[in-house]
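Have a look at the structure below, then the notes.
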Amino acid sequence: MAEAVLDPAVPTAAAVPERTASSLSAGQRLALKYFAVAMVLFVAQMFFGLLAGLQFLFPEFLYGVLDFNVNRMVHINAMIVWMLYGFIGSIYWLVEDEAGVELVGAKLANINFWVLTSAVAVVVVVFLVVQVGPGNQTSIWFINEGREYIEAPRWADIGIVVCMLVFFYTVAGTFMKGRWSGISGTLVLDLIALAGLYLAGMFYTTNLSVDQFWWWWVVHLWVEATWEVLVGCIMAWGLMKTLGARREIVTTWLYIEVALMFGAGILGLGHHYFWIGTPEYWLGIGGFFSALEPIPLVAMVVHAVYDSGRHGFQSRNHPALAWLIAHAFGNFLGAGVWGFIHTLPQINLYTHGTQWTTSHGHLAFFGAYATIVIALIYIALQRWRGDVWMSGDLADRGWKWKWSLGLLNVGMLGMTIALLIAGYEQSFIERAIGGSTWAAYFEGQTQPWFVQGMQWRMIFGVVMTVGLALLLWDMLTIGRGEKRPAKEVHAPEARVG
Amino acid sequence: MSSEVWWASQDFWRKCAIFVTAFMFLVLILLTFHSLAAITAGQDRVPAYSVINHRIDYVFDEDRNMKVPVIGEEAPLFGEVLTEEEARALVDLGKLTVQAKNCMNCHTLLGNGAYYAPDLTKAWLDPGWGNEQARELLMTMFLKDPKTNARTYGTNRRMPDLGVTDEEVRGIIAFLKWMSAVDTNGFPQGFEPLPQGGA
Numbered sequence: 000m001a002e003a004v005l006d007p008a009v010p011t012a013a014a015v016p017e018r019t020a021s022s023l024s025a026g027q028r029l030a031l032k033y034f035a036v037a038m039v040l041f042v043a044q045m046f047f048g049l050l051a052g053l054q055f056l057f058p059e060f061l062y063g064v065l066d067f068n069v070n071r072m073v074h075i076n077a078m079i080v081w082m083l084y085g086f087i088g089s090i091y092w093l094v095e096d097e098a099g100v101e102l103v104g105a106k107l108a109n110i111n112f113w114v115l116t117s118a119v120a121v122v123v124v125v126f127l128v129v130q131v132g133p134g135n136q137t138s139i140w141f142i143n144e145g146r147e148y149i150e151a152p153r154w155a156d157i158g159i160v161v162c163m164l165v166f167f168y169t170v171a172g173t174f175m176k177g178r179w180s181g182i183s184g185t186l187v188l189d190l191i192a193l194a195g196l197y198l199a200g201m202f203y204t205t206n207l208s209v210d211q212f213w214w215w216w217v218v219h220l221w222v223e224a225t226w227e228v229l230v231g232c233i234m235a236w237g238l239m240k241t242l243g244a245r246r247e248i249v250t251t252w253l254y255i256e257v258a259l260m261f262g263a264g265i266l267g268l269g270h271h272y273f274w275i276g277t278p279e280y281w282l283g284i285g286g287f288f289s290a291l292e293p294i295p296l297v298a299m300v301v302h303a304v305y306d307s308g309r310h311g312f313q314s315r316n317h318p319a320l321a322w323l324i325a326h327a328f329g330n331f332l333g334a335g336v337w338g339f340i341h342t343l344p345q346i347n348l349y350t351h352g353t354q355w356t357t358s359h360g361h362l363a364f365f366g367a368y369a370t371i372v373i374a375l376i377y378i379a380l381q382r383w384r385g386d387v388w389m390s391g392d393l394a395d396r397g398w399k400w401k402w403s404l405g406l407l408n409v410g411m412l413g414m415t416i417a418l419l420i421a422g423y424e425q426s427f428i429e430r431a432i433g434g435s436t437w438a439a440y441f442e443g444q445t446q447p448w449f450v451q452g453m454q455w456r457m458i459f460g461v462v463m464t465v466g467l468a469l470l471l472w473d474m475l476t477i478g479r480g481e482k483r484p485a486k487e488v489h490a491p492e493a494r495v496g
Numbered sequence: 000m001s002s003e004v005w006w007a008s009q010d011f012w013r014k015c016a017i018f019v020t021a022f023m024f025l026v027l028i029l030l031t032f033h034s035l036a037a038i039t040a041g042q043d044r045v046p047a048y049s050v051i052n053h054r055i056d057y058v059f060d061e062d063r064n065m066k067v068p069v070i071g072e073e074a075p076l077f078g079e080v081l082t083e084e085e086a087r088a089l090v091d092l093g094k095l096t097v098q099a100k101n102c103m104n105c106h107t108l109l110g111n112g113a114y115y116a117p118d119l120t121k122a123w124l125d126p127g128w129g130n131e132q133a134r135e136l137l138m139t140m141f142l143k144d145p146k147t148n149a150r151t152y153g154t155n156r157r158m159p160d161l162g163v164t165d166e167e168v169r170g171i172i173a174f175l176k177w178m179s180a181v182d183t184n185g186f187p188q189g190f191e192p193l194p195q196g197g198a
């Protein structure tokens, strides 16, 4: 019975009732909070990315005030955290619908949100104000751990683990109280792995090889394994909600993706073990399995496009579906193709630690994760605004969501290509010709192809910024004043059998 | 339709997902035990910390078809031979300082990090220091006052003054020397170290 209230796929009466946040369920209200913080952090990511990009062109810019390492650290950490917030928000959005009962421990979950958000704010302020500390454990515990992507000081690590346990308790508890499905089972198991892996990054060692060995457990097995499965779950649910795709179909695809993703991605970890001191067998294992990593991403594209075509692109939420399709292609191109092009050790020997990685990183994180979080936010907004019409023929022709989609994706693709050209040049000049010395590094950094690559990256970064501004404007306005109810799509369960 | 053929059945793929994941994870665990044993300091691939008491070279190995670090005669850092424990403590101070000063968000270490400044994997061996005799002094001067002693090679990208103490400078240099002796399977490609020996 709770399901009838919570399922947005069930069409409402012709007259759309005015809704406020209070008419949403506890999980949905919480999801909106997570989404709001995610978007604030998205803005922060963009802002500090622009500053860091400018410093490549004008090294004196903010020198000694906000140095490149600070801007870059905030840039990548804002990204990681906003994506985590987006995932948590997405899961809180779908958990009650999927379980068929109200959120377990809603009050605790709400407190958890404020604790986590306060901790994130403190960490960012310390990053920006204190920046660096003396070479001792106190710095590692309270200022900055100094390890890319997981710079959060140790106290925050412990706080994050506690908050994740609370999050896990509320989500798993809700499924246990309600009903289980293939999607929720996969999701909960994946969350256990995701939380467990974070522990691998929570210790200090003098030995840099051991340090980086475990550091990659966190970074790779999050980004190239557990995060992918997590978005696979969100995608499966999203396709049911936007298109009315059959549960049986999306669940089977999800299992296929998990088998292929973990089948390739777990030992694909080896492509980070080529050059950090680890034995030579990783060259073969890492090269082989990471070359297979694009396959599940192809499966995701086929799945999403086939389902969309099967339903004649008749969706109840056009912006969300468009971003889901952008996710399928972005994930395949950014994580799959851009990862594959430099994953074989013979190539990686020249490209490792150059702008190739930057190019891949940008398109992969955006294509695989930013896109799907934005899709889920649109699904949430539709419900929040009263299950209103969000298909074709919007009041303003939907220009804001269409232009923001276009600008963000074109901006990111342009930036990716610019960085790739810079990376090619760097591999040639610094590595192949110059022999990787410091002089060769700087020789590479001053060549026209590199400098122009950085300039174009900046230009496309500005394009993305305009896209982000439009996106936020659209999120604040879409569906307001809309009187038509959401387009009716077939509820998934109704089609089974 | 999907339930009619085994390869499209949900049950088949669920089992596949479980077994494939479990198997791959098991293989990873086994390889992890082996790799961790191989990269413990003092084993084949990662040197003991007291390697900072020795000359480190980087030469081509015919059998492996790649360049490998070669540990040579005694050449103590700052002219002082350290015990294994003293060396570990000094390298540890360097590693802590490299983390606390957030070096990795400009530089790369073993190729990992950010790309605003050069890779530090073989920084100890970089020909830019001129020769072995000048190296320790030049590195110390640079780390102590990177603004004045900037090495930007025409890019105008200067390292900020990170306020490192004298002891931290010694630690960083010890850490860089130790790192240059890690066997990185020939990374970075084609690297030619500064001239070894010679007075």
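Chains as they are written, first to last, in numbering that gives the first Met the number 0: chain R, 0 to 496; chain F, 0 to 198.
Ideal placement from N, C-alpha and C gives every residue a C-beta, glycine not left out.
On a predicted model such as this, the values are computed, not experimentally measured, just so you know.
For residue j and residue i, the rounded distance between their alpha carbons
i                      : j                      : result
residue 52 of chain R  : residue 44 of chain R  : 12 Å
residue 341 of chain R : residue 134 of chain R : 35 Å
residue 21 of chain F  : residue 27 of chain F  : 10 Å
residue 115 of chain R : residue 57 of chain F  : 48 Å
residue 468 of chain R : residue 36 of chain R  : 16 Å
residue 129 of chain F : residue 153 of chain R : 40 Å
residue 227 of chain R : residue 266 of chain R : 15 Å
residue 90 of chain R  : residue 103 of chain R : 13 Å
residue 224 of chain R : residue 190 of chain F : 34 Å
residue 363 of chain R : residue 98 of chain R  : 31 Å
residue 356 of chain R : residue 426 of chain R : 11 Å
residue 132 of chain F : residue 287 of chain R : 45 Å
C-beta neighbour in chain F for residue i, strict 9 Å
i                      : result
residue 306 of chain R : no
residue 361 of chain R : no
residue 2 of chain R   : With a pLDDT of only 37 at residue 2 of chain R, under 50, the local geometry of the prediction cannot be trusted, and no value is derived from it.
residue 440 of chain R : yes
residue 275 of chain R : yes
residue 424 of chain R : no
residue 69 of chain R  : yes
residue 210 of chain R : yes
residue 180 of chain R : no
Chain R contact for residue i (CB, 9 Å cutoff)
i                      : result
residue 71 of chain F  : no
residue 194 of chain F : no
residue 133 of chain F : no
residue 178 of chain F : yes
residue 186 of chain F : yes
residue 224 of chain F : Look at the range of chain F in this structure, 0 to 198, and you will see that residue 224 of chain F is not part of it.
residue 76 of chain F  : no
CB contact flag (residue i, residue j, <9 Å)
i                      : j                      : result
residue 157 of chain R : residue 203 of chain R : no
residue 249 of chain R : residue 239 of chain R : yes
residue 403 of chain R : residue 466 of chain R : yes
residue 173 of chain R : residue 9 of chain F   : no
residue 121 of chain F : residue 192 of chain F : yes
residue 207 of chain R : residue 77 of chain F  : no
residue 144 of chain R : residue 112 of chain F : no
residue 334 of chain R : residue 367 of chain R : yes
residue 37 of chain F  : residue 344 of chain R : no
DSSP-derived helix/strand/coil call for residue i
i                      : result
residue 59 of chain F  : strand
residue 80 of chain F  : coil
residue 223 of chain R : helix
residue 275 of chain R : coil
residue 199 of chain F : Limits of chain F in this structure are 0 at one end and 198 at the other, which puts residue 199 of chain F out of reach.
residue 125 of chain F : coil
residue 109 of chain F : coil
residue 280 of chain R : helix
residue 316 of chain R : strand
residue 158 of chain F : coil
residue 66 of chain F  : strand
I want to know whether the stretch 178–189 of chain F touches the stretch 261–281 of chain R - three or more CB-CB distances under 8 Å.
yes
Given 8 Å as the limit, is there contact between the stretch 245–260 of chain R and the stretch 163–170 of chain F, that is, 3 or more CB pairs closer than that?
no
Do three or more CB pairs link the stretch 110–119 of chain F to the stretch 426–443 of chain R at distances below 8 Å?
Result yes; three or more Cβ-Cβ pairs closer than 8 Å.
Do the stretch 102–120 of chain R and the stretch 64–73 of chain F make contact, defined as three or more Cβ pairs closer than 8 Å?
no
Would you call the stretch 378–387 of chain R and the stretch 420–434 of chain R touching, i.e. three or more CB-CB distances under 8 Å?
no
Does the count of Cβ pairs from the stretch 88–108 of chain F and the stretch 135–151 of chain F closer than 8 Å reach three?
no
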